[in-house]
Amino acid sequence: MPTNKWITIKGTRDGLTLFMNDSCSWEELLGEVEEILSAKHMAVDEPLITVKIQLGNRYITDAQAETLRKIIKKHNKLVVEEIVSDVILKEEALRWKDETDLKLHNRVIRSGQVLEITGDLLLIGDVNPGGKVVATGNIFIMGNLRGVAHAGATGNRKAVIAASYMAPSQLRIADIISRSPDSDGEGVPMECGFIEKDGEQIIMDRISSLAKSRPELDAFERRVMNG
Amino acid sequence: MGEAIVITSGKGGVGKTTTTANLGTSLALLDKKVCLIDTDIGLRNLDVIMGLENRIIYDIVDVLEKRCKISQALIKDKRFDCLYLLPAAQTTDKSALTPEGMIEIIDELKPDYDYILIDCPAGIEQGYKNAVAGADKAIVVTTPEKSSVRDADRIIGLLEQEKVEPPHLIVNRIRNHMVKNGDMLDVDEIVQVLSIDLLGIVADDDDVIRASNHGEPVAFQPNSRASIAYRNIARRILGESVPLLSLEQKETFMDKVKKVFGLQK
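Chains as they are written, first to last, in full-length UniProt numbering: chain W, 1 to 227; chain A, 1 to 265.
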């Protein structure tokens, strides 16, 4: 049985975790993966085991990740669940930042105007009837929301819409649309809209309730923690 | 050097032309040299309201196509020596008017006038673009109706992209009894939604229509409510600070008597 120089294997209840040394070369690492896996044969009828790979401070490209997955899959009844690395490309980091940044706009969105942004939107001003704001993240409006707001436009159902004065003609979160009731009701101050867990519709509540339903509103932090 | 102000609204029928005629008249009453330009080609009205229809020989398209000099097309008002009208064409092809052409005309007029008021056609197409092209400032007219406020909002958005200065607002045709009952938007609500400065409010007044039909802008009448409102707006354009006119109708002695006898509430 060869000694593991670069890889440490730990078994947990959920499967295996492979800790890979990040100071050796990639080829050495792949070689050792092959070695380990060919050495440990498993019974054919054993269930699939999920494997988590911890790369440490090593960056691998998508192609490299693919080879790694292939090698592991080829040998045994192992399935790679995820490959985790502590480092990302600057480019990707900037994209994350852009996607999760709070963008401040200070203007009135009038009828016929559309404000589209990547990330979270903080609008100081009103959205008038016929106007529209679209963000890939959350939407916070310090002003009157009388037009259309679309949060999580790229599919993020966790996004929320909050406004100092909520009287929208339509709210959209990800792919869910809700419209105002037909009776010409007054708006409500300090309200927010979000999709409840596993829900299929947008729920309105006081802004203060967000602390409970969305404790991790800061998208950047969430992204860093969860990838 | 004069100032070119475009009067626009987006929606039709809210009183752009009436406002143009009355502001022109009011400014002329204040001894300013004023030129009114009608840019609503094919549907010109300003000349009718001013009562100058029968004096038209050349129009704005003739000027642009060099069939006449600008001074030949300008019509002097019947009442004032300092008020002129450049009428729109009624029959010629609409495409004859271009933003460049408008800028040319306005630049030519500016040295000779204190104010150039441009009456804009309804809509946001070519006609609107022409009217706005040469203007330094804009006045948006709206009525206290949802549809009209919506269109005003749209127009303000478009104007903000073009003009350096944010436009000013005139709320026209306010019916006080309807506002009181909550059947009509009130002025504060409109100003809050549109979030631009209010230049003035004009009550819905039968005198306006009566006067327009006689080809004599209401601003001439000394005492009608609309007339006072228009003259106040003109003074505000000149930079004076004039308080808004109360919309309450004054109770006459007869009203009080009637009230006592229970004939009127």
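Yeah, the Cβ is synthetic: ideal placement off N, Cα and C, and Gly gets one too.
Residue environment, residue i, which counts as buried when at least 16 other CB atoms sit within 10 Å
| i | result |
| --- | --- |
| Pro111 (chain A) | exposed |
| Leu89 (chain W) | exposed |
| Asp14 (chain W) | exposed |
| Ser212 (chain A) | buried |
| Cys68 (chain A) | exposed |
| Met1 (chain W) | In this predicted model, Met1 (chain W) has a pLDDT of only 45, less than 50, meaning its place in the structure is not dependable enough to derive any value. |
| Ile7 (chain A) | buried |
| Thr154 (chain W) | exposed |
| Val260 (chain A) | exposed |
| Arg206 (chain W) | exposed |
| Val193 (chain A) | buried |
| Phe194 (chain W) | buried |
| Asp86 (chain W) | exposed |
Residues that residue i contacts on chain W, provided the C-beta gap is smaller than 7 Å
| i | result |
| --- | --- |
| Ser246 (chain A) | Per Cβ cutoff of 7 Å: no residues; Ser246 (chain A) is ~27 Å from chain W at best. |
| Ser195 (chain A) | Val108 and Asp126 |
| Ile156 (chain A) | Arg110 |
| Arg150 (chain A) | Ser111, Pro129 and Gly130 |
Cα-Cα separation between residue i and residue j, rounded to whole angstroms
| i | j | result |
| --- | --- | --- |
| Asp218 (chain W) | Thr100 (chain W) | 8 Å |
| Gly13 (chain A) | Thr142 (chain A) | 10 Å |
| Glu82 (chain W) | Gln54 (chain W) | 9 Å |
| Leu36 (chain A) | Ser164 (chain W) | 44 Å |
| Leu121 (chain W) | Val114 (chain W) | 13 Å |
| Ser246 (chain A) | Val202 (chain A) | 10 Å |
| Thr39 (chain A) | Val187 (chain A) | 29 Å |
| Glu200 (chain W) | Ile173 (chain W) | 10 Å |
| Ile41 (chain A) | Ile106 (chain A) | 17 Å |
| Asn54 (chain A) | Ile118 (chain A) | 21 Å |
| Ala131 (chain A) | Met184 (chain A) | 30 Å |
| Lys265 (chain A) | Asn181 (chain A) | Residue placement at Lys265 (chain A) is flagged as unreliable, the pLDDT there being 49, under the threshold of 50; the coordinate-derived value follows with that caveat. About 15 Å. |
| Lys74 (chain W) | Val51 (chain W) | 14 Å |
| Leu29 (chain A) | Met166 (chain W) | 47 Å |
| Tyr230 (chain A) | Leu238 (chain A) | 13 Å |
| Ile174 (chain A) | Gly2 (chain A) | 31 Å |
| Val133 (chain W) | Gly200 (chain A) | 31 Å |
| Ser180 (chain W) | Gln170 (chain W) | 6 Å |
| Leu74 (chain A) | Thr98 (chain A) | 19 Å |
| Val148 (chain W) | Tyr113 (chain A) | 45 Å |
| Ser227 (chain A) | Pro144 (chain A) | 19 Å |
| Val149 (chain A) | Lys11 (chain A) | 9 Å |
| Asn57 (chain W) | Met20 (chain W) | 10 Å |
| Arg44 (chain A) | Ser195 (chain A) | 31 Å |
| Val171 (chain A) | Leu198 (chain A) | 8 Å |
| Asp206 (chain A) | Pro243 (chain A) | 23 Å |
| Ser224 (chain A) | Ser178 (chain W) | 49 Å |
| Leu86 (chain A) | Asp59 (chain A) | 7 Å |
Candidates the options: closest to residue i by CA position
| i | options | result |
| --- | --- | --- |
| Gln161 (chain A) | W:Leu30, W:Arg110, W:Ser25 and W:Ile9 | W:Arg110 |
| Ala135 (chain W) | W:Lys158, W:Gly143, W:Pro129 and W:Asn144 | W:Lys158 |
| Ala21 (chain A) | A:Gly239, A:Val242, A:Val208 and A:Phe253 | A:Val208 |
| Val160 (chain W) | W:Ile203, W:Asn106 and W:Leu78 | W:Ile203 |
| Ala219 (chain A) | A:Leu52, A:Gly51, A:Leu23 and A:Thr8 | A:Leu23 |
| His177 (chain A) | A:Asp153, A:Asp204 and A:Arg154 | A:Asp204 |
| Glu32 (chain W) | W:Ala153, W:Lys5 and W:Glu186 | W:Lys5 |
| Thr91 (chain A) | A:Phe261, A:Val61, A:Lys129 and A:Glu65 | A:Val61 |
| Asn106 (chain W) | W:Val127, W:Ile177 and W:Val87 | W:Val127 |
| Glu186 (chain W) | W:Pro168, W:Glu196 and W:Asp175 | W:Pro168 |
| Val80 (chain W) | W:Leu29, W:Ala63, W:Leu18 and W:Glu196 | W:Leu18 |
| Met190 (chain W) | W:Asp198, W:Ser209, W:Cys24 and W:Leu29 | W:Ser209 |
| Val34 (chain A) | A:Ile57, A:Leu109 and A:Leu52 | A:Leu109 |
| Ile72 (chain W) | W:Ser85, W:Leu48 and W:Ala93 | W:Leu48 |
| Glu216 (chain A) | A:Ile57, A:Arg44, A:Met50 and A:Ile56 | A:Met50 |
| Asp31 (chain A) | A:Glu165, A:Ser241 and A:Arg235 | A:Arg235 |
| Leu68 (chain W) | W:Leu29, W:Ser178, W:Ile177 and W:Lys197 | W:Leu29 |
| Gly157 (chain A) | W:Gly131, W:Leu145 and W:Asn156 | W:Gly131 |
| Ser23 (chain W) | W:Tyr59, W:Val84, W:Lys97 and W:Asn144 | W:Tyr59 |
Contacts of residue i in chain W (Cβ-Cβ under 8 Å)
| i | result |
| --- | --- |
| Asp188 (chain A) | Going along chain W, no residue has its Cβ under 8 Å from Asp188 (chain A), so there is no contact; the nearest lies around 14 Å. |
| Asp38 (chain A) | The contacting residues do not exist; Asp38 (chain A) stays about 26 Å from chain W at best. |
| Asp136 (chain A) | Ordered by position in chain W, no residue passes the 8 Å Cβ test against Asp136 (chain A), which lies about 21 Å from the chain. |
Interface partners of residue i on chain W, CB under 9 Å
| i | result |
| --- | --- |
| Asp112 (chain A) | Under the 9 Å cutoff, chain W gives no residues; its nearest Cβ is about 36 Å from Asp112 (chain A). |
Residue i beta carbon near the ligand NAD (any heavy atom closer than 7 Å)
| i | result |
| --- | --- |
| Leu145 (chain W) | In terms of ligand content, the structure shown is empty, and the ligand NAD therefore cannot be addressed. |
Proximity test, Cβ basis, 8 Å: residue i and chain B
| i | result |
| --- | --- |
| Val48 (chain A) | No chain B appears in the structure shown, which is made up of the protein chains W and A. |
Segments of 3+ residues assigned as beta strand (DSSP E) that fall wholly inside the segment 35-106 of chain W: 49-54, 78-84 and 102-105
Runs of beta strand (DSSP E) lying entirely within the segment 161-199 of chain A, each at least 3 residues, in chain order: 168-174
Quick check on the DSSP output: what are the complete alpha helix (DSSP H) runs of length 4 or more inside the segment 3-73 of chain A, in order along the chain? 16-29, 46-50, 60-64 and 70-73
Whole beta strand (DSSP E) elements within the segment 74-101 of chain A, 3-residue minimum: 83-86
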